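Before any comments, here is the structure.
Residue numbers (the numbering used here): 49 to 178.
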């Protein structure tokens, strides 16, 4: 099953592609978060690339990068996305994905942008629980 991973942020959103049967995830791109236009762009991507589900990282554990207000913003984003797509949306705790994506860039030389790497890590974590 084709899965779109999303790392939601106030200014930008990381996207990743995942294949649930193989349990593989790859970073795709980072898009600017410009509100409703961004929702439309994600909905178009889901349709064009034939994704069957979406996994959105949510900050369930507060830490250096997130607080409770970010959880509210992310869930509001999910609710808006639900109004324009008909495939299932799942939440996955994004704890430590930002710091891990930074580590991948620094130590492993990952070329993908930080937010796309975070979306990939969210998908990997989601697949690992399944």
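Glycine included, C-beta positions come from ideal geometry on N, C-alpha and C.
This one's a predicted model, so the numbers in the text were calculated from it and none came from an experiment.
By the C-beta density criterion, residue 96 is exposed, having fewer than 16 other C-beta atoms within 10 angstroms. Uninterrupted alpha helix (DSSP H) stretches at least 4 residues long and entirely within the stretch 70-112 occur at 84-96, given in chain order. The beta carbon of residue 80 lies closer than 6 Å to those of 60 in the same chain, with the five residues before and after it left out.
Annotation: the continuous alpha helix (DSSP H) that includes residue 124 extends over 116-130. In the three-state DSSP reduction, residue 176 falls in the helix class (H, G or I).
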